[in-house]
Amino acid sequence: MTVTATKRAGTAARAVTYVWIGLCAITVGSWWLGPGHSGGSTAASIPITVAVVALGYLKCRLIIRHFMEVRTGPARLRHATDAWLAALWLAVLALYLVGVLAETGH
Numbered sequence: 079m080t081v082t083a084t085k086r087a088g089t090a091a092r093a094v095t096y097v098w099i100g101l102c103a104i105t106v107g108s109w110w111l112g113p114g115h116s117g118g119s120t121a122a123s124i125p126i127t128v129a130v131v132a133l134g135y136l137k138c139r140l141i142i143r144h145f146m147e148v149r150t151g152p153a154r155l156r157h158a159t160d161a162w163l164a165a166l167w168l169a170v171l172a173l174y175l176v177g178v179l180a181e182t183g184h
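For what it's worth, my numbering labels the leading residue of the sequence shown as 79, then goes sequentially.
1. Pair every Cβ in the stretch 130-146 with every Cβ in the stretch 95-104, then say whether three or more of these pairs are closer than 8 Å.
2. Express the C-alpha separation of residue 121 and residue 178 in angstroms, rounding to a whole number.
3. Which residues bound the alpha helix (DSSP H) around residue 125?
4. Quick check on the DSSP output: the alpha helix (DSSP H) that includes residue 147 runs from which residue to which?
5. Residue 169: which of 181, 146, 151 and 131 sits nearest, CA to CA?
6. Quick one: give me the first and last residue of the alpha helix (DSSP H) that residue 120 is part of.
7. Within the same chain, show all residues whose beta-carbon is closer than 7 Å to that of residue 108, passing over the 5 residues directly before and after it, in chain order.
8. What did DSSP end up calling residue 152 once you bin it into helix, strand or coil?
Listed below in structure tokens is the structure:
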């Protein structure tokens, strides 16, 4: 193994570690945003739900890019996974919003 390959492997391992720490922070942040952990009443909150869905999208993108090695794949694969994730999370958010609006009578 050459010195350059060793440096590259060390940099990749460090990046994965930083991504893992970021994923842990996002998980704690999502938990903190939810009202259920404090023991108080829980009610639907559109801003909190949008924030949690956005954090879920970010977590999925980080996992796909860094732990499934898509970041080193072809550009078409990166774009396809980004488009698929955007469609998936927008559909989840749209279904939630339709349900909430149907319940409130809007």
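Each residue gets a CB set at the ideal place from its N, CA and C atoms; glycine is no exception.
So, from the data block:
1. Between the stretch 130-146 and the stretch 95-104, the count of Cβ pairs shorter than 8 Å is three or higher; the stretches touch.
2. Looking at the two C-alpha atoms, the distance is approximately 11 Å.
3. Residue 125 -> alpha helix (DSSP H) spans 124-140.
4. Counting along the chain, no alpha helix (DSSP H) covers residue 147, and no H or E run does either.
5. Looking from the CA of residue 169, the closest CA among 181, 146, 151 and 131 belongs to 131.
6. Per DSSP, residue 120 is not a residue of any alpha helix (DSSP H), being assigned neither H nor E.
7. These residues qualify, in order along the chain: 130 and 133.
8. Coil, per DSSP.
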